[in-house]
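Quick notes on the structure that follows.
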Amino acid sequence: MFVLAESAAPLVQPTSADGVFTLLWLVIALPLLGAAILLIGGPLAKGRLDKVAHLIGVALPVLSFLLSLVLFIALLGRDSDNRQVGQHLYMWFEAGGLKVGADLLYDPLSALFLLLVTGVGSLIHIYSIGYMEHDPRRPRFFGYMNLFVASMLTLVLAANYLGVFLGWEGVGVASYLLIGFWQYKHSAASAAKKAFLINRVGDIGFSLAIGLFFVTFGTTDFTTISANADKVSEGTMTALGLLLLLAACGKSAQVPLQSWLLDAMEGPTPVSALIHAATMVTAGVYLVVRSNFVFDYAPHARTVVVIVASVTLLWGAIIGCAKDDIKKALAGSTMSQIGYMLLGAGIGVAGYPFAIFHLLTHGFFKANMFLGAGSVMHGMNDDVDMRRYGALSRAMPVTFLTFSMGYLAIIGFPGFSGFWSKDKIIEVALTQNWVVGVLAMLGAGITGFYMSRLMFMTFFSQKRWADGVHPHESPAVMTIPLIVLAALSVLGGVMLAGDWIVNFLEPVTGTPPEESPPIPALMISVIVVLIVAVGVAIAYYMYQRQAVPRQAPQDVSFATRAARAELYGDQINDVLVVNPGGHLVNGLVQFDRHVVDGVVEGTALGVGGTGSIVRLTQTGFVRSYALSLLAGAVLVVVALLAVNIA
Amino acid sequence: MTPYVVLSSILFTIGCVGVLTRRNAIVVFMCVELMLNASNLALVAFAKQNGNLDGQIAAFFVMVVAAAEVVVGLAIIMTIFRTRRSASVDDASLLKY
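Going line by line, the protein sequences match chains S and L.
All residue numbers for the first sequence refer to our numbering, where the first residue is 145 and numbers rise by one.
All residue numbers for the second sequence refer to our numbering, where the first residue is 6 and numbers rise by one.
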């Protein structure tokens with residue numbers, strides 16, 4: 145199915161940081177400083193910091209963004225084959241043969257991520273000022289958000305897998321803290337726990353992969369591993385690829401570790417936008433693309449990646465079709481879009497740049513739509529049920545217009561950013577394997593349907609507002625980030641102009657092979673647009689021409705019921721893992737209680753019982769003791785005699 | 006040689022039967038002494054026969070132990086008699102299960 149790419153060239157040895165690049169560490173340090181001030185200094189200052197907390201929380205990520213921008217411009221000023229910059233901060237730890245430095249690697253891939261994380265992150269921080277205005281714990285919220293940004297930047301800047309793991313766990317903790325930010329709600333607390341636990345499953349894969357890297361290569365540095373990648377057997381590479389895929393599945397909510405993402409929507413909406421749409425959940429895609437030197441030599445692992453991605457892109461899309469909770473519908477869509485990215489990444493050298501391209505455009509339009517959904521909730525008294533929305537386009541014109549840009553981008557309306565990025569992935573998929581390509585096309589059609597459903601139910605059709613709800617436009621501090629993100633959603637496609645992103649990423653991901661799809665690219669675009677149009681038309685017919693009931697209808701088909709239950713993801717987990725695990729633990733408890741404790745208690749009982757019988761010989765009569773003494777002496781004499789005679 | 010051993014055996018048996026059958030603590034005590042001296046007699050007799058002093062030294066040790074035992078034993082019997090007005094070994098049977 146997949147041929148080995150001939151262009152699996154090792155990474156260029158990074159030049160050590162000079163000039164402006166010596167400030168690279170500051171990109172991470174700034175938001176980390178913000179987190180320290182807000183999370184440690186805030187409680188110490190006993191509330192005196194609260195007035196300025198949001199300003200600190202916004203200023204430091206923005207500074208980090210400006211620095212990223214300067215670094216990016218400096219990187220563009222270099223030759224395309226000299227764009228790897230390494231910075232050795234200090235020796236992190238040494239244990240035997242394992243030497244791990246706190247090293248940063250700034251190359252085209254991490255440069256793009258830096259811009260995405262700090263740029264979209266800053267916008268979402270600004271938006272949060274308005275969204276979290278009435279929350280008494282807003283300083284803490286900004287502290288957690290800054291911690292997240294710092295961890296995510298560590299993840300994408302680290303020059304070795306252990307550094308990535310540090311950031312990986314850091315974003316996991318931040319995600320846990322932020323999903324459960326309103327921890328007094330039971331649903332939020334358990335959603336946070338669920339996300340944390342399912343991510344642990346993926347992390348097992350990551351830690352085993354790191355161990356295997358060390359055993360195989362003696363190091364976890366990207367450059368050293370990629371330089372020696374061709375000397376390792378394909379079996380090892382396949383194992384590494386599958387372990388990394390497991391890690392990616394956990395973080396990026398791919399089947400079979402997908403079920404935490406929809407519950408994670410319990411967190412505040414800016415969190416959903418930043419962590420569970422734009423950045424953290426795409427870390428799995430980053431991991432696969434970053435490990436291209438592994439996957440290039442592991443075609444079987446890539447096949448598995450493609451299968452997982454294809455299943456997830458349909459799985460998420462189907463869930464998105466049936467959810468009435470606007471955030472959960474968007475979360476299903478996120479799963480599905482990450483499936484597209486992973487599909488691109490799984491295809492290999494030809495797909496890596498487009499996976500990253502779609503990741504960036506998705507970061508723009510999905511953050512835009514999540515923030516838009518937050519703006520809608522803000523105006524609707526925090527109601528998330530789309531069945532009680534309707535006709536909001538008049539009440540919230542700015543939110544409506546910006547959301548529409550995101551909507552047109554995600555369904556792939558020609559010219560919008562999502563059109564270019566999704567089209568490229570479908571094209572590459574079709575080139576490699578027509579089954580996967582057709583599935584991706586089908587996914588695009590379903591995307592058209594569920595996003596139009598969301599659009600019609602929220603902004604069009606008829607008013608179904610609950611009593612006492614007076615929708616109003618959000619304040620400027622919330623709408624300005626929406627406008628910026630909307631502009632990016634529209635214009636994100638320029639990155640593809642003249643294949644810029646492909647050429648830019650070439651030093652990291654390799655030279656794409658010269659292959660053309662079985663049918664002309666233009667034809668594919670036309671077919672995809674037609675399929676999407678069908679999806680939109682069905683949604684128009686079902687949710688605009690027909691009245692939307694305020695209560696979700698109960699007499700629905702099995703397919704709808706299954707989609708509402710998230711395709712029984714939780715039930716599958718229960719049957720396959722949770723219940724057997726519970727039975728196993730119960731069995732062990734019974735074993736401990738009856739067998740282990742039984743042996744101990746039985747021994748004690750036996751000794752005690754014997755003692756209580758034997759003690760009866762202690763009569764207190766001296767003469768009876770004397771008699772037994774005599775008997776003993778006679779016995780010894782008889783025994784000696786017997787031995788002597790024999 | 007034989008008469009010494011026979012005498013020793015007779016004395017030992019008398020002492021042994023006395024310890025097992027008599028209740029008066031003083032008498033039991035005397036019988037214990039009788040057994041110790043019976044064994045002393047045997048030790049000395051065998052030492053004479055073997056022509057070395059090993060048995061005689063052992064006899065001295067037995068005498069020292071017996072003297073110490075008399076001191077402690079008589080003191081105990083005295084104390085018991087003072088509190089209970091009885092020297093019967095069967096009466097002093099509280100230390101049991």
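For each residue, glycine too, the CB sits at the ideal point set by N, CA and C.
The structure displayed is predicted, hence computed values, not measured ones.
Under the assumption that residue i contacts residue j (Cβ atoms under 8 Å), give the Cβ distance between them as a whole number of angstroms.
i	j	result
residue 567 of chain S	residue 668 of chain S	7 Å
residue 520 of chain S	residue 545 of chain S	So it is not a contact: roughly 13 Å between Cβ atoms.
residue 584 of chain S	residue 487 of chain S	6 Å
residue 410 of chain S	residue 323 of chain S	6 Å
residue 241 of chain S	residue 362 of chain S	6 Å
residue 692 of chain S	residue 531 of chain S	6 Å
residue 448 of chain S	residue 398 of chain S	Not confirmed; about 11 Å, so no contact.
residue 290 of chain S	residue 204 of chain S	6 Å
residue 474 of chain S	residue 517 of chain S	6 Å
Opposite residue i in the DSSP bridges: which residues?
i	result
residue 159 of chain S	S/229
residue 93 of chain L	L/29
residue 304 of chain S	S/365
residue 244 of chain S	S/237
residue 133 of chain S	Because residue 133 of chain S is not part of the residues shown, which for chain S are 145 to 790, the question remains open.
residue 249 of chain S	S/230
For a contact defined as C-beta to C-beta under 8 Å, what are the partners of residue i on chain L?
i	result
residue 759 of chain S	102
Does the Cβ-Cβ distance between residue i and residue j come in under 7 Å?
i	j	result
residue 392 of chain S	residue 355 of chain S	no
residue 569 of chain S	residue 461 of chain S	no
residue 258 of chain S	residue 212 of chain S	yes
residue 388 of chain S	residue 333 of chain S	no
residue 437 of chain S	residue 633 of chain S	no
residue 625 of chain S	residue 267 of chain S	yes
residue 345 of chain S	residue 394 of chain S	yes
residue 72 of chain L	residue 48 of chain L	no
residue 598 of chain S	residue 512 of chain S	no
residue 161 of chain S	residue 229 of chain S	yes
residue 421 of chain S	residue 510 of chain S	yes
residue 94 of chain L	residue 33 of chain L	yes
residue 79 of chain L	residue 767 of chain S	no
residue 499 of chain S	residue 425 of chain S	no
residue 252 of chain S	residue 649 of chain S	yes
residue 654 of chain S	residue 493 of chain S	yes
residue 171 of chain S	residue 297 of chain S	yes
residue 808 of chain S	residue 335 of chain S	Residue 808 of chain S is absent from the structure shown; chain S starts at 145 and stops at 790.
residue 262 of chain S	residue 208 of chain S	yes
residue 288 of chain S	residue 622 of chain S	no
residue 234 of chain S	residue 218 of chain S	no
residue 407 of chain S	residue 338 of chain S	yes
residue 502 of chain S	residue 479 of chain S	no
residue 445 of chain S	residue 523 of chain S	no
residue 265 of chain S	residue 293 of chain S	yes
residue 482 of chain S	residue 396 of chain S	yes
residue 201 of chain S	residue 286 of chain S	yes
residue 679 of chain S	residue 560 of chain S	no
So residue i contacts chain L; which residues on that side make the cut at Cβ distance below 7 Å?
i	result
residue 770 of chain S	24 and 25
residue 764 of chain S	98, 99, 100 and 101
So with CB distances below 7 Å, who are the chain S contacts of residue i?
i	result
residue 94 of chain L	766 and 767
Please compile the residues from chain L whose C-beta is within a distance smaller than 9 Å of the C-beta of residue i.
i	result
residue 774 of chain S	21, 24 and 25
Quick one: is the Cβ of residue i within less than 6 Å of any heavy atom of the ligand SAH?
i	result
residue 175 of chain S	Among the components modelled here there is no ligand, and therefore nothing to report on the ligand SAH.
Residues of the segment 47-73 of chain L with a CB closer than 7 Å to any CB of chain A: list them in chain order, please. The structure shown contains no chain A; the protein chains it does contain are S and L.
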